Amino acid sequence: MKHFLNIHDVNDLNALVQEALNCKKNPKADQQIGNNKTLGLIFMNPSLRTRLSTQKAGINLGMDVMVMNFTGEGWALETNEGVIMNGDKAEHIKEAAAVVGSYCDIVGLRSFPTLKDKAQDYKDHVINAFMKYAGVPIVNLESATVHPCQSLTDVITIEETKKTAKPKVVLTWAPHPRALPQSVANSFSEWMNRTDYEFVIANPEGYDLSKEFAGKASIIHDPDEAYKGADFIYAKNWSSYENYGQILSQDENWMVDERKMNLTNNAKFMHCLPVRRNVVVSDGVIDSNNSLVIQQAANREFAAQAVLKQILSNG
Ligand code: SN0
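With the first letter of the sequence shown counted as 1, position 261 gets the number 445 in our numbering; the numbers rise by one all the way through.
Structure, rendered in structure tokens:
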């Protein structure tokens, strides 16, 4: 693996999942692989799990790890080409990426979408600029369109937990007070498309994901119907793709609750976190024995480790 930007960088998904499960069994087995190598993690947005799990993964592999928050700490970055930089942006992404790359052997980057300009966001311009100018392998720590480290974690967690070979997995939209990226949902969907699970996306009208990411998923606009017989309920809010970045619904019937979970095949509950309790999911569901959220978060470490290991092994 050269870079880890999205599912297209993964040749053999089963092998990558097995690699992560091996890392989980013995996290410190490959401490020599990353010796004398530096991992730089750059955050343009907040992070808890991504930051700590990727840092820990690097440490497990013997890497030195540097972390920097750009928001408030770095110079405000200009990302457009050919502009006269006489406004509030002090540094161009061309120099910033090249400089970060000069200190690091691998760079991880988080950069959320603006949710204002769909065409610009869906070009994934910021992470692509890092790819172009950093000169080292790039790991996507959630970009404008996808969050592959989370999706790999999700597949690992389903593989660890599933009771049938081809479980029914439902990605359900849930209400939220703020407009959020489509990245986690897009990414989960494109990774589910690479499995042989039965995959359903449930969302209100106006919230269909881009077809490019939804792929072969069945799209259902009625939550009760979608939940029937499900083995996994994966909740996430996203803002509208069609009416780009907008909040079209706050309908609390879409919150994951005990009543709808009772329609499932004793489904496990999943969410990438952070989660708004009693908006996205009821306390009763997230605190139940069927909730996988902590296991999912713990698996982030080994997903990141498997990815870093494959990149380091490529030399
Ligand atoms: C981010 C998102 O993409 O939805 C990160 C998820 C891993 N989530 C949020 O920004 C949640 C913020 C909030 O106010 O709840």
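For each residue, glycine too, the CB sits at the ideal point set by N, CA and C.
This one's a predicted model, so the numbers in the text were calculated from it and none came from an experiment.
Spatial neighbours of valine 469 within its chain, please: C-beta separation below 8 Å, excluding the five flanking residues on both sides. On the sequence shown, residue 469 is found 285 positions in, with the first residue counted as 1. Result list for valine 469: Val440, Asp441, Glu442, Met445, Phe453, Ser475, in chain order.
- Taking only heavy atoms of the ligand SN0 into account, decide whether any of them is closer than 6 Å to the Cβ of serine 367. Counted from its first residue, the sequence shown places residue 367 at position 183. Within the cutoff, so yes.
query: Can we say the stretch 325-333 touches the stretch 415-432, given the rule of at least three CB pairs closer than 8 Å?
result: no
Burial state of glycine 413, where buried means 16 or more other Cβ atoms lie within 10 Å: As a first step, residue 413 must be located in the sequence shown, where it is residue number 229. So glycine 413 ends up on the exposed side.
Does any heavy atom of the ligand SN0 sit closer than 6 Å to the C-beta of leucine 236?
Working through the sequence shown from its first residue, we reach residue 236 at position 52. No.
Worksheet item: Comparing the CB of cysteine 288 with every heavy atom of the ligand SN0, is any distance shorter than 6 Å?
Response: Taking the sequence shown and counting its residues from 1, one reaches residue 288 at position 104. No, the Cβ of cysteine 288 stays beyond 6 Å of every heavy atom of the ligand SN0.
Requested in this report: Would you kindly check if the distance between the Cβ of proline 365 and the Cβ of proline 297 is under 7 Å?
Outcome: The residue labelled residue 297 in the question sits at position 113 within the sequence shown. The residue labelled residue 365 in the question sits at position 181 within the sequence shown. Yes; because the gap between Cβ atoms is below 7 Å, this pair is in contact.
request  = Using DSSP bridges, identify the partner residues of phenylalanine 188.
outcome  = Taking the sequence shown and counting its residues from 1, the one referred to as residue 188 is at position 4. Bridge partners of phenylalanine 188: Val323.
- Query: If we cut at 7 Å on Cβ distances, does alanine 274 have a partner in chain B?
  - Reply: The structure shown contains no chain B; it is built from a single protein chain.
Selection from Met247, Asn387, Leu189 that minimises the alpha carbon distance to glutamine 216: Residue mapping note: residue 216 aligns to position 32 of the sequence shown, counting from 1. Among Met247, Asn387, Leu189, the Cα nearest to that of glutamine 216 is on Met247.
Legend entry - Buried versus exposed, by CB contacts within 10 Å (16 or more), serine 497: As a position in the sequence shown, residue 497 is number 313, starting the count at 1. That one is exposed.
| task | Using beta-carbon positions only, say whether alanine 451 and isoleucine 478 come within less than 7 Å of one another. | result | On the sequence shown, residue 451 is found 267 positions in, with the first residue counted as 1. On the sequence shown, residue 478 is found 294 positions in, with the first residue counted as 1. No, the pair does not count as a contact, with Cβ atoms beyond the cut-off.
* Asked: Among all the DSSP beta bridges, which residues are the ones paired with alanine 419?
  -> Against the sequence shown, residue 419 aligns to sequence position 235. In the DSSP output, where bridge partners are listed per residue, alanine 419 has Thr356.
Within the stretch 359-447, ranges of the beta strand (DSSP E) (whole runs, at least 3 residues):
You should have 382-386, 402-404, 416-420.
- request: Round the Cβ separation of valine 518 and serine 295 to the nearest angstrom and send it over; I've been treating them as touching at under 8 Å.
  value: Lying outside 185 to 499, the shown extent of the chain, residue 518 is not represented and no answer is given.
* Terminal residues of the alpha helix (DSSP H) in which isoleucine 495 lies -> Here residue 495 is taken as the residue at index 311 of the sequence shown, counted from 1. Where isoleucine 495 is concerned, the enclosing alpha helix (DSSP H) stretches over 477-497.
Checklist entry - How do the stretch 371-388 and the stretch 342-355 stand: do at least 3 beta-carbon pairs fall below 8 Å, yes or no? => result yes
### Query
Should leucine 364 be counted as a contact of the ligand SN0 given a C-beta to heavy atom distance under 6 Å?
Here residue 364 refers to the residue found at position 180 when the sequence shown is read from its first residue. Indeed, a heavy atom of the ligand SN0 lies less than 6 Å from the Cβ.
Item checked: Span of the alpha helix (DSSP H) around leucine 200 -> Working through the sequence shown from its first residue, we reach residue 200 at position 16. Its alpha helix (DSSP H) spans residues 197-209.
- Query: glycine 390 to serine 237, Cα distance in whole Å?
  - Reply: Working through the sequence shown from its first residue, we reach residue 390 at position 206. Working through the sequence shown from its first residue, we reach residue 237 at position 53. Each residue's CA atom was taken as its position, placing glycine 390 and serine 237 some 34 Å apart.
Q: Could you check if isoleucine 191 is buried or exposed, using at least 16 other CB atoms within 10 Å of its CB as the buried criterion?
A: Here residue 191 is taken as the residue at index 7 of the sequence shown, counted from 1. Buried: at least 16 other Cβ atoms inside 10 Å.
**Request:** Can you say whether serine 472 is buried or exposed, counting buried as having 16 or more other CB atoms within 10 angstroms of its CB?
**Result:** What you label residue 472 is simply residue 288 of the sequence shown in a count that begins at 1. That one is exposed.
Exercise. For threonine 337, which option in Arg233, Val283, Val291, Val251 has the closest C-alpha, if you only look at C-alpha atoms?
Worked result: The sequence position of residue 337 within the sequence shown is 153, counting from 1. Considering only alpha carbons, the answer is Arg233.
- For aspartate 127, which of Glu426, Val465, Val291 has the nearest alpha-carbon? Only positions 185 to 499 of the chain appear in the structure, and residue 127 is not among them; the question remains open.
Review point. How many Å lie between valine 267 and histidine 276 at the Cα?
Key: For the purposes of this step, residue 267 is taken as residue 83 along the sequence shown, with counting starting at 1. For the purposes of this step, residue 276 is taken as residue 92 along the sequence shown, with counting starting at 1. Roughly 10 Å between the two C-alpha positions.
Examine the Cβ distances between the stretch 221-229 and the stretch 241-256 and report whether three or more of them are shorter than 8 Å. yes
Contact test: cysteine 456 Cβ vs the ligand SN0 heavy atom, cutoff 6 Å: Locating residue 456 in the sequence shown gives position 272, counting from the first residue. Flag set: Cβ of cysteine 456 near the ligand SN0.
- Pick helix, strand or coil for asparagine 253, following the three-state DSSP scheme. Position 69 of the sequence shown, counted from the first residue, corresponds to residue 253. Correct three-state label for asparagine 253: strand.
- Query: If you draw a straight line from the C-alpha of glycine 219 to the C-alpha of leucine 293, how long is it?
  - Reply: In the sequence shown, residue 219 corresponds to position 35, counting from 1. In the sequence shown, residue 293 corresponds to position 109, counting from 1. In the sequence on display, residue 219 carries asparagine and not glycine. Roughly 21 Å separates the two Cα atoms.
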